[in-house]
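Here is the structure we will look at.
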Amino acid sequence: MISTLKKYLSGKEKAADRCCGRKVVGACRGGNARTRWWTPAVRDAVKLKKESYRALLACGTPEAADGYRRAKRSAATAVAEAKTRAWEEFGEAMENDFRTASKRFWTTIRRLRRRGKQCTVNTVYSGDGVLLTSTRDVVDRWKEYFEDLLNPTNTPSSEEVGPGDLEMGSRISGAEVAEVVKNSSVARPRGIASLLFADDVVLLASSARDLQLSLDRFAAACEAAGMRISTSKSEAMVLNRKKVECLLRVKEEILPQVEEFKYLGVLFTSEGRMEREIDRRIGAASTVMRALHRSVVVKRELSRKAKLSIYRSIFVPTLTYGHQLWVMTERTRSRVQAAEMSFLRRVAGLSLRDRVRSSAIREELGVESLLLRVERSQMGWLGHLVRMPPGRLPGEVFRACPSGKRPPGRPRTRWRDYVSRLAWERLGIPPDELEEVAGEREVWDSLLRLLPPRPDPG
């Protein structure tokens, strides 16, 4: 009876696999090549090669060795021809989609960009840390999670009123007023205490004590609204040239202190420098080019117009995200131009060995210099800051004069000093007249449109 049941279950599983298929999660399927170039001719050539190899192992005669070499050479030729033909068909289809079906074209580009990324397996665990596999258990676990999240049991009751939970009609004691005055900044402006964007929150303070108080108030406000701070996604960072310890607590948990973190797609470091962010953007642009290199950038079947459309829509935004606040040095300009030309040279079908100047390649492709675009955008952002009315946060930060003592050594270049020097070098506007000229929108825009490109170094 048991053997009959096992046979029944085994047959049922095989029938289900045959009818519905089996999805492998977290492992490579392998052994089931379903690429464009795997044609019947290629399959027969590979099969003949394997049979010839088995015959060589069985007898080992010179005739079998010659047969295996011929079959191996024939299989390699068939695979190469099939791959070339498949890539040509793919390029022709992409070019046709670019001209007639742009939505399908960009869907294919997104799929090619995701192809190099590893697939992550999402799992659900019970409250005790046990992996859940059945659909019913997973649904019940999600239900339990949201019930705990939206119906917290640790909210303060009406009877438990702390010293800070004062009602509308209660009197404020003199000791409380003295404590507030002691902790407030009377002699200097308050500054920016927080940055809020959707569910991303940044709390700022000049000392660890003030930051802890601000964090406690924020955590209490979250709990009053039925939310809580995720300590696994929260980090602390001190903006200082030297390493300073800052222990922040959310209830009993200590937030990890980091040297850098990413906020709204931009990397901030504890030293306050932008070099790491610029290097990261160049690396991200290089990743885009590697993902699209073989299938798009060097495909002869794709027109230059299609390749330049990908360059403007994907490569340039990836490389220049957040560039308005970069402080460009000669090293940074050189690296950005190298990343730009690595893409454009491949679009033009050239390499460094051809010794063609970058300006000639841009002129042939009809592309504006990326450095010129960055500088024009930076000075355009300067005009926006100058014309901002009082009360706008970016304008207030631009006009602010931080107090404190500079550390010894050469002062770092501020963005305001950099963009003032840029306007003096590129437009001939003295720093003392910059805000007056940038305040006139039409005049400033006309000057930026006539901005000449920098001399090409090579």
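Per this note's numbering, numbering of the sequence shown is gapless, rising by one per residue and ending at 790.
Quick reminder that beta carbons are idealized off the backbone N, C-alpha and C, glycines included.
Count the other C-beta atoms from every protein chain shown that fall within 10 angstroms of the C-beta of Trp776, then say buried if there are 16 or more, exposed otherwise. buried
To the nearest angstrom, how far is it from the Cα of Arg402 to the Cα of Arg417? 22 Å
Collapsed DSSP secondary structure at Asp532 in the structure displayed: strand
Can Ser546 and Ala553 be called in contact, C-beta distance under 7 Å? no
DSSP on Ala359, reduced to helix/strand/coil? Only weak support is given to the placement of Ala359: the predicted model assigns it a pLDDT of 43, under 50, and the value that follows is read from those uncertain coordinates. In the structure shown, Ala359 sits in coil (DSSP, three-state: anything other than H, G, I, E or B).
Which residue marks the beginning of the alpha helix (DSSP H) containing Thr285, and which one marks its end? This structure gives no information on residue 285, because the portion of the chain shown stretches from 333 to 790.
Does the contact criterion of 3 or more C-beta pairs under 8 Å hold for the region 631-646 versus the region 676-685? yes
DSSP-derived helix/strand/coil call for Leu380: helix
So does the region 662-669 actually touch the region 458-473, counting three or more Cβ pairs closer than 8 Å? no
Taking just the CA atoms, how far does Arg705 sit from Arg629? The sequence shown places Val at residue 629, not Arg. Rounded to whole angstroms, Val629 to Arg705 spans 22 Å at the Cα level.
Close beta carbons around Asp429, own chain, < 6 Å, minus the five adjacent residues each side: Arg436, Phe437
Using 8 Å as the cut-off, can you tell me whether the region 764-775 makes contact with the region 702-718, which would need three or more C-beta pairs spanning the two stretches below that distance? yes
Taking the alpha carbon of Arg442 as the point to measure from, which residue in Gly760, Gly654, Ala623, Val688 has its own alpha carbon closest? Ala623
Please classify Ser752: does DSSP put it in a helix, a strand, or coil? helix
Out of Arg573, Gly712, Met606, Glu577, point me to the one whose CA is closest to Ser539's CA. Glu577
Below 8 Å CB to CB, which residues in the same chain sit around Ser566 once its five sequence neighbours on both sides are set aside? Val582, Leu587
Which residues DSSP lists as bridging Thr601, in chain order: Glu592
Own chain residues within Cβ distance below 6 Å of Trp419, not counting five before or after: none
If I follow the unbroken alpha helix (DSSP H) through Ala770, where does it start and stop? 766-770
What are the residues that DSSP puts in a beta bridge with Ile793? What the structure shows of the chain is the stretch from 333 to 790, and residue 793 is not part of that stretch, so it cannot be assessed.
Between Ser674 and Gly343, what straight-line distance do the alpha-carbon atoms span, to the nearest angstrom? 57 Å
Report the rounded CA-to-CA distance for Trp472 versus Leu463, giving the unit in angstroms. In the sequence under discussion, the amino acid at residue 472 is Asp, which differs from the Trp named in the question. The alpha-carbon atoms of Asp472 and Leu463 are separated by roughly 13 Å.
Going along the chain, which residues of its own chain have a beta-carbon closer than 8 Å to the beta-carbon of Gly423, five neighbours each way excluded? Lys631, Arg632, Glu633, Leu634
What residues match up with Leu463 in a beta bridge as DSSP calls it? Tyr457
Per-residue burial, Arg694 [other beta carbons within 10 Å of its own, 16 or more giving buried]: buried
What three-state label does DSSP hand Ser526 in the structure shown? strand
Which residue comes first and which comes last in the alpha helix (DSSP H) that contains Cys554? 540-556
Cβ atoms of Leu388 and Ala397: under 7 Å apart, would you say? yes
Pair within 7 Å by beta-carbon distance, Glu609 and Leu596: no
Just checking Asn572 against the ligand NAD - is the residue's beta carbon closer than 6 Å to any of the ligand's heavy atoms? Questions concerning the ligand NAD fall outside what the structure shown contains, since it holds no ligand whatsoever.
Quick one: using the 10 Å Cβ neighbour count with 16 as the cut-off for buried, is Leu782 buried or exposed? exposed
What residue range does the alpha helix (DSSP H) around Val668 cover? 662-680
Spatial distance of Val512 from Leu580 (CA atoms): Low confidence applies here, because Val512 scores a pLDDT of 48, under 50, leaving its location unreliable and the question unanswered by this model.
Going by C-alpha to C-alpha distance, which of Glu700, Cys391, Val374, Arg386 sits closest to Thr832? The chain is shown from 333 up to 790; residue 832 falls before or after that span and cannot be answered.
By the three-class DSSP mapping on this structure, what secondary structure does Ala732 have? coil
Hey, would you say Lys415 sits closer than 7 Å to Trp370, going by beta carbons? no
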